Amino acid sequence: PARYASTRLPGKPLADIAGKPMIRHVWERAKESRAERVVVATDDRRIAEVCERFGAEAMMTGSDHASGTDRLAEVARKLGLDPGHRGVNVQGDEPLIPPVLINQVADNLDRHPDARIATLCEAIGDIDTILNPSVVKVVFDHRGMAHYFSRAPIPWARDAWGNANAPKTLPEDITWYRHIGIYGYRAGLLADFVRWSPAPTEQAESLEQLRALYNGAPVHVAVAAEAP
13 PARYASTRLP GKPLADIAGK PMIRHVWERA KESRAERVVV ATDDRRIAEV CERFGAEAMM
73 TGSDHASGTD RLAEVARKLG LDPGHRGVNV QGDEPLIPPV LINQVADNLD RHPDARIATL
133 CEAIGDIDTI LNPSVVKVVF DHRGMAHYFS RAPIPWARDA WGNANAPKTL PEDITWYRHI
193 GIYGYRAGLL ADFVRWSPAP TEQAESLEQL RALYNGAPVH VAVAAEAP
């Protein structure tokens, strides 16, 4: 998915990076993966035209989607994908995404058939990142199934931090994880996702994956095979 409208940087997917628009870098990374087909889903004709000029397949979608997952659900419906068809959501503003991560989330859907979504994370090593609300943290169980995603510092290290408003230390016996915003899912999940109303937690945190958890859809989280 690639949107032109952006609060912080309008037209971000078309920003020039080393002589190429950002979206082309993302597309090239996706093409280096094992994906059989790479489609740029956008709500802006300018992005679609740029994609078509460098040879990418672009599909126009509605402009009222609440999230990238909602946008991809429209693409899956238009393409008539079988409910079991696997797809990977690569954000249009991730020009450095390693192709191996695209393969990893797709493979994890096969390895964990009870999961309806697969995604990735990486360990956090400093307190400032843990406390940064722009960094999404994730907590998961021993099987890798997500408990929750949050902008808050989860888990809260009660013994080390108590009621501190701004913790200064990082306990060595706890590992925090940053969520990496790449998703693998089957087309059947996308069809369900758009039927579900936005969840209260999703709206509070502005995190689309919480809609899936709220509706009981298992989300598998694995540590990324390579740093994004």
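Counting with this note's numbering, you get residues 13 to 240 for the letters of the sequence shown. For each residue, glycine too, the CB sits at the ideal point set by N, CA and C. Only a predicted model underlies this, so the values are computations on that prediction, with no experimental measurement involved.
- Residue pairing by DSSP places C133 opposite H191, V235 in a beta bridge.
- Per DSSP, G80 is one residue of the alpha helix (DSSP H) stretching across 80 to 91.
- Here the alpha carbon of G99 sits roughly 43 Å from the alpha carbon of N175.
- Secondary structure at D28: strand, using DSSP grouped into helix, strand and coil.
- For R58, the number of other beta carbons within 10 angstroms of its own is below 16, and it is reported as exposed.
- Excluding the 5 residues flanking it on each side, L113 has same chain C-beta neighbours closer than 8 Å at L132, I192, I194, A236, A237, E238, P240, in chain order.
- Counting along the chain, G200 sits inside the alpha helix (DSSP H) bounded by residues 199 to 207.
- Leaving aside the five residues that flank R223 on each side, the residues in its chain whose CB is nearer than 7 Å to its CB run, in chain order, F205, W208, P210, A211, E214.
- Taking A130 as the centre and dropping the five residues before and after it, the same chain places the C-beta of V117, N120, L121, G196, H232 closer than 6 Å to its C-beta, in chain order.
- C-alpha of R49 to C-alpha of V62: approximately 18 Å in a straight line.
- V100 carries a strand assignment under DSSP once its states are collapsed to helix, strand and coil.
- In the DSSP assignment, A53 is bridged to M71.
- Spatial neighbours of G23 in its own chain (CB-CB distance under 6 Å, excluding positions within 5 residues in sequence) are listed in chain order as Y16.
- For K43, the enclosing alpha helix (DSSP H) stretches over residues 34 to 43.
- A Cβ-Cβ distance of about 19 Å is found for the pair A234 and G137, leaving them out of contact under the 8 Å criterion.
- Residue environment for P25: buried (at least 16 other C-beta atoms within 10 angstroms of its C-beta).
- Counting along the chain, V112 sits inside the alpha helix (DSSP H) bounded by residues 111 to 123.
- DSSP places V62 in the helix class (H, G or I) of the three-state scheme.
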